[in-house]
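Structure first, then comments.
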Amino acid sequence: MNKASSLNNAGNAGIALARQFGIYVVLLVLIIFFSIASENFLNSSNLLNVARQVSMMGIAAVGFAFVLLLGGIDLSVGSVITLVNILAAWLMVNAGWNPVLAVTAALLLSAALGFSNGWIIANIKMPPIIVTLAMLIIIEGVAYLICDGLPIYGFPESFAVIGQGYVGPIPIPVIIMIVIMALGGFILSKTFFGRYFYAVGGNEEAAKLSGIDVKKVKYLVYTLSGFFAGVAGIVILSRTNSGQVLSGKGFEFDVLTACVLGGVSVTGGVGKISNVLAGVLILGVLSNGLVLMDVSQFVQMVIKGAVLMIAVALDCLQNRKSL
Amino acid sequence: MILQLKNITKTYPGVVALDNVSLDIVEGEVHALVGENGAGKSTLIKTCTGAITPDSGQIVIRGEEFTSLNPKLAEQKGIGVIYQEFNLVDELSVAENIFLGRAIRKGIVIDRKAMEREAARIFEELEIDIDPSALVGRLTVGYQQLVEIAKAISQKAKLLIMDEPSAPLTQTEAQALYAVVEKLKAAGVTIVYISHRMDEIFRLSDRITVLRDGQKIDTINTADTDLDKLVTLMVGRELTETYPVRNHKVSDEVLLSVNDVTGAIVRGVSLDIKRGEVLGLAGLIGSGRTELAEILFGYKPKTSGHVMLGGREISPRLPKEAIAKGIALIPEDRKKLGALLERSIKENTTISVLERISRFFTVDKREEQNIAEHYREAIRIKTPSLDQKIKNLSGGNQQKVIIAKWLATNPDFVIFDEPTRGIDVGAKSEIYALVNELVESGKAVLMISSEMEEVMGMSDRIIVLHEGKVTGELARKDFSQEAIMSFASKN
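Sequences listed follow chains A and B, in order.
Everything in the first sequence is counted per this note's numbering, starting at 22 for the first residue and increasing by one.
Everything in the second sequence is counted per this note's numbering, starting at 70 for the first residue and increasing by one.
Structure below.
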């Protein structure tokens with residue numbers, strides 16, 4: 022080993038560090054920028070507000086990240102949110118169920134819908150994008166059938182705690198997000214089946230030949246994606262206090278953006294939950310900061326799209342260099 | 070002197086891939102480049118083709134000096150390369166592939182006829198029989214490679230670098246390749262030929278350069294050396310025997326019994342494997358060898374027949390079930406079917422035993438580390454760290470990690486499918502020694518190989534397949550290349 026190569030080592034370690042935490046650097050830069058640009062940005066109540074705004078996205082992003090790791094995609098996330106939202110509302114209001122029961126039933130349904138996606142993808146070997154697109158349309162239709170397109174409201178007061186309550190200064194949705202993110206991180210880094218997500222996403226045939234039951238892994242991942250979307254749906258319902266057919270519309274694209282910003286590869290096998298959290302926070306900070314700066318909603322869309330494009334472009338360029 | 074490398078050094082994090090290497094390639098020669106995996110051959114080629122930039126040193130092409138090249142410049146200077154992975158588009162015709170990016174046109178329309186004529190002319194020169202209008206995807210690997218060569222020639226390559234060109238080929242295809250190499254040489258094309266196969270190096274080359282651990286050991290005239298000397302130069306130590314002797318007898322206990330099994334392209338195959346035995350499975354590509362292995366391993370379905378393991382019938386529908394019964398398969402295609410390239414050596418080693426070393430779904434990281442550490446020592450996996458991604462290892466070391474994965478499952482019956490393809494001599498003999506250890510401890514091994522010498526050197530008995538059927542069985546005393554070939558090509 023000579024001097025040049027040890028210098029080289031240090032350089033590469035630097036790059037590795039930047040890759041690992043680069044997304045947090047971006048987040049920090051954004052926070053600094055908005056702190057300077059708007060006097061209302063940097064205070065605890067606004068930051069907690071940001072955290073609460075992104076919590077639903079963060080919850081759903083965990084399952085979505087699993088699906089991406091597997092090399093799949095789940096377009097039905099938004100419609101699962103809508104259906105869970107409508108169903109739980111309908112059960113509480115029209116069928117008079119108590120909230121615990123209604124929420125449990127709705128969550129079970131979301132898991133079952135996710136499982137159906139996984140089963141069809143694994144057994145009929147249809148492309149995930151088509152399966153979940155069809156599922157999106159079906160589920161959305163069912164949600165309309167249940168409520169006729171009309172909002173449902175008038176829930177028991179206790180139900181509002183989930184979306185509107187606090188533990189100390191921390192909003193409960195934020196706590197739910199943190200718990201689910203921690204759970205997701207634990208699954209990926211500590212459990213054997215989390216390892217399997219990476220293995221199947223990285224090389225499905227090699228995973229199968231290594232003794233992994235690939236079908237079961239797919240069932241599990243899509244079930245979790247459905248379930249976490251369901252949890253997000255319940256939180257949204259409790260926050261808005263009314264069941265709405267538009268509650269989850271387009272949500273899958275926000276979640277996808279957050280995951281990709283967080284460095285989850287859309288081709289599978291690469292990604293970490295801690296970085297997904299950063300992706301979620303970047304989107305949250307961006308929209309909150311832009312609102313505080315009085316930037317119009319349409320301009321915000323343009324900026325968000327550009328951020329996504331740049332984030333992925335940087336990742337692609339970096340990957341190419343390392344080859 | 071068509072190409073000179075002067076004091077080329079290239080370092081990667083933790084590795085000096087090339088250490089002050091100088092090399093002269095004389096116009097018109099076939100220059101073989103040999104060395105173990107990780108010796109620096111690939112880095113050297115990439116330097117010549119401009120795929121990488123060396124840290125220091127010069128590249129001199131016909132007197133013109135460069136500190137680095139880029140692929141386009143290398144091509145302009147007449148350097149062509151045939152990589153192990155082909156750059157061909159399956160959906161296009163042979164002629165279209167040859168002229169990819171340089172299509173002959175009439176105005177804005179592609180002149181297919183002219184391209185096919187030109188391709189045919191090149192093939193004629195090289196005495197190759199390929200239809201220029203055929204789709205490349207329909208050709209065998211051997212013919213695809215010839216298309217690659219024709220492509221390089223059409224680009225007026227004066228120096229052709231071939232990276233293990235014979236590795237994916239059958240015996241017959243390799244012969245055709247040798248003929249083409251000789252034609253090219255006669256036509257004045259200089260060739261740098263990288264290979265692990267010693268027979269072809271002696272057959273084709275004028276001079277041989279040996280690399281080891283990133284350094285040039287020597288350049289010698291092929292006529293002045295022999296196999297033993299060359300191997301000693303390559304590994305830096307004497308390898309006593311290519312195929313280590315086994316000091317034990319095959320037991321009488323049948324471990325695996327295959328009875329009239331049909332499925333995929335396998336047709337009614339029956340065979341027995343005893344404990345302590347290496348059964349060689351020979352046959353041409355497409356004879357059903359790999360498919361039989363995959364059926365036994367539950368990777369491909371069997372439509373009829375019975376398989377008994379240790380006296381009990383098994384019928385695995387998934388590899389997972391076969392593994393639970395004590396079967397292991399080291400697959401033929403290391404990168405596609407063996408390795409999880411983006412994951413670490415450690416994770417690759419333990420992926421098949423993860424559930425066993427988990428409690429409450431949680432992987433016991435200490436146990437995992439122990440297992441990986443154990444096999445790194447036991448089968449000498451060369452790596453600075455077990456957390457290194459497996460894709461950064463050389464082919465031989467990757468194969469060792471994959472073997473480690475299977476040893477960790479503690480199998481009774483191990484199937485090796487082309488275990489030493491593209492692996493250097495040092496790693497090869499280590500893998501052979503490992504096979505011996507397995508059978509000496511009472512396990513059984515099924516060994517599939519296209520290399521005649523390997524099958525004959527390692528097996529206690531050989532079964533030959535042809536078009537999915539068993540066409541012959543040979544006891545050790547009857548082993549001969551001729552006997553195997555005649556069974557392998559019989560109807």
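Note that CB positions come from ideal geometry on N, CA and C, so glycine has one too.
Please say whether residue j and residue i have beta carbons closer to each other than 8 Å?
{"i": "A:Ser97", "j": "A:Leu157", "result": "yes"}
{"i": "A:Ala123", "j": "A:Ala109", "result": "yes"}
{"i": "B:Ala391", "j": "B:Gly374", "result": "no"}
{"i": "B:Gly349", "j": "B:Gly511", "result": "no"}
{"i": "B:Gly211", "j": "B:Leu238", "result": "yes"}
{"i": "B:Leu378", "j": "B:Leu325", "result": "yes"}
{"i": "B:Val250", "j": "B:Lys227", "result": "no"}
{"i": "A:Leu304", "j": "A:Ser59", "result": "no"}
{"i": "B:Ala557", "j": "B:Leu353", "result": "yes"}
{"i": "B:Val150", "j": "B:Ile114", "result": "yes"}
{"i": "B:Val95", "j": "B:Ser274", "result": "no"}
{"i": "B:Phe192", "j": "B:Ala172", "result": "no"}
{"i": "B:Phe155", "j": "B:Glu217", "result": "yes"}
Considering only residues of the same chain and omitting the five flanking positions on each side of residue i, which have a CB-CB separation below 8 Å?
{"i": "A:Leu91", "result": "Phe218, Val221, Gly222, Val238, Lys239, Val242, Gly289"}
{"i": "B:Lys141", "result": "Gly119"}
{"i": "A:Ser308", "result": "Gln74, Gln321, Lys325"}
{"i": "A:Phe136", "result": "Tyr240, Tyr243, Thr244, Gly247"}
{"i": "A:Gly310", "result": "Leu51, Phe54, Phe55, Ala58, Ser59, Phe62"}
{"i": "B:Asp433", "result": "Ile426, Ser427"}
{"i": "A:Val390", "result": "The requested residue 390 of chain A is not part of the displayed model; chain A covers only 22 to 344."}
In chain order, what residues of the same chain have a beta carbon less than 6 Å from the beta carbon of residue i, not counting five sequence neighbours either side?
{"i": "A:Thr296", "result": "It should be noted that the sequence gives Asn, not Thr, for residue 296 of chain A. Around A:Asn296: Ile44, Gly283, Gly284."}
{"i": "A:Val328", "result": "none"}
{"i": "A:Leu51", "result": "Val306"}
{"i": "B:Arg315", "result": "Asn505"}
{"i": "B:Thr209", "result": "none"}
{"i": "A:Ser76", "result": "Pro194, Val195, Met198"}
{"i": "A:Val301", "result": "Val75, Met78, Gly79, Ala82, Ala279"}
{"i": "B:Phe572", "result": "Residue 572 of chain B falls outside the range modelled here, since chain B spans only 70 to 560, and no answer is possible."}
{"i": "B:Lys538", "result": "Arg336"}
Buried or exposed: which applies to residue i, given that a residue is buried once 16 or more other Cβ atoms fall within 10 Å of its Cβ?
{"i": "B:Thr309", "result": "Bear in mind that a pLDDT of 48 at B:Thr309, under 50, signals an unreliable position, so the number given afterwards is only what the model happens to contain. B:Thr309 should be labelled exposed."}
{"i": "B:Arg490", "result": "buried"}
{"i": "B:Thr80", "result": "buried"}
{"i": "A:Ala81", "result": "buried"}
{"i": "B:Glu363", "result": "buried"}
{"i": "A:Cys337", "result": "exposed"}
{"i": "B:Pro234", "result": "buried"}
{"i": "A:Ile331", "result": "exposed"}
{"i": "B:Ser91", "result": "exposed"}
{"i": "B:Arg530", "result": "buried"}
{"i": "A:Asn106", "result": "buried"}
{"i": "B:Thr265", "result": "A quick correction: the sequence has His, not Thr, at residue 265 of chain B. Flag for B:His265 reads buried."}
Near residue i, which residues of its chain fall below 7 Å by C-beta distance, leaving aside the five closest residues on each side in sequence?
{"i": "A:Ser26", "result": "Confidence at A:Ser26 is low in this model, with a pLDDT of 46, below 50, so its placement is unreliable and the value that follows should be read with caution. So no residue of the chain qualifies."}
{"i": "B:Asp88", "result": "Thr78, Gly283, Gln284"}
{"i": "B:Ala236", "result": "Gln153, Arg490, Gly491"}
{"i": "B:Thr478", "result": "Ile392, Ala397, Ser421, Val422"}
{"i": "B:Met554", "result": "none"}
{"i": "B:Ala183", "result": "Ile173"}
**OP:** Say whether the region 105 to 120 of chain A touches the region 174 to 187 of chain A, bearing in mind that this needs 3 or more beta-carbon pairs closer than 8 Å, one atom from each stretch.
**Re:** yes
Original post:
If you measure beta-carbon to beta-carbon, which residues of the region 360 to 389 of chain B are closer than 8 Å to chain A?
Top reply: Per Cβ criterion, the list reads Phe366, Tyr368, Leu387, Pro388, Lys389.
Original post:
Does the region 265 to 272 of chain B come within contact of the region 71 to 84 of chain B, defined as at least 3 CB pairs closer than 8 Å?
Top reply: no
Original post:
Between the region 403 to 410 of chain B and the region 464 to 482 of chain B, do three or more beta carbon pairs fall short of 8 Å?
Top reply: yes
**OP:** Determine, using beta-carbon pairs with one atom in the region 428 to 438 of chain B and one in the region 201 to 216 of chain A, whether at least three such pairs fall under 8 Å.
**Re:** Contact holds: three or more Cβ-Cβ distances are below 8 Å.
**OP:** Answer yes if the region 430 to 444 of chain B comes into contact with the region 500 to 519 of chain B, meaning at least three C-beta pairs across the two stretches below 8 Å, and no otherwise.
**Re:** These segments do not touch.
Original post:
Is there contact here, the region 252 to 266 of chain A with the region 190 to 203 of chain A, by at least three beta-carbon pairs under 8 Å?
Top reply: yes
**OP:** Specify whether the region 411 to 426 of chain B and the region 444 to 458 of chain B touch according to this definition: at least 3 beta carbon pairs, one from each stretch, less than 8 Å apart.
**Re:** yes
Original post:
In chain order, what residues of the region 139 to 151 of chain A put their CB closer than 7 Å to some CB of chain B?
Top reply: Answer in chain order: no residues at all.
**OP:** Taking a Cβ distance cut-off of 8 Å, strictly less, list which residues of the region 406 to 419 of chain B are near chain A, in chain order.
**Re:** Under the 8 Å Cβ criterion, the region 406 to 419 of chain B contributes Leu406, Gly407, Ala408, Leu409, Leu410, Glu411, Arg412, Glu416.
**OP:** Report the residues of the region 110 to 129 of chain A with a CB closer than 8 Å to any CB of chain B, ordered along the chain.
**Re:** none
Subject >> chain B contacts from the region 280 to 297 of chain A (Cβ-Cβ distance under 8 Å) >> reply: Gly290, Val291
Subject >> Under 8 Å (Cβ pairs) to chain B, residues found in the region 216 to 233 of chain A >> reply: Arg216, Tyr217, Tyr219, Ala220, Gly223, Asn224, Glu226, Ala227, Ala228, Lys229, Leu230, Ser231, Gly232, Ile233
Original post:
Going along the region 201 to 215 of chain A in order, which residues come within less than 7 Å of chain B, judged by CB to CB distance?
Top reply: Under the 7 Å Cβ criterion, the region 201 to 215 of chain A contributes Lys211, Thr212, Phe213, Phe214.
Original post:
Just by C-beta distance, which residues in the region 418 to 448 of chain B are closer than 7 Å to chain A?
Top reply: Ile420, Ser421, Leu423, Glu424, Ser427, Phe430, Thr431, Val432
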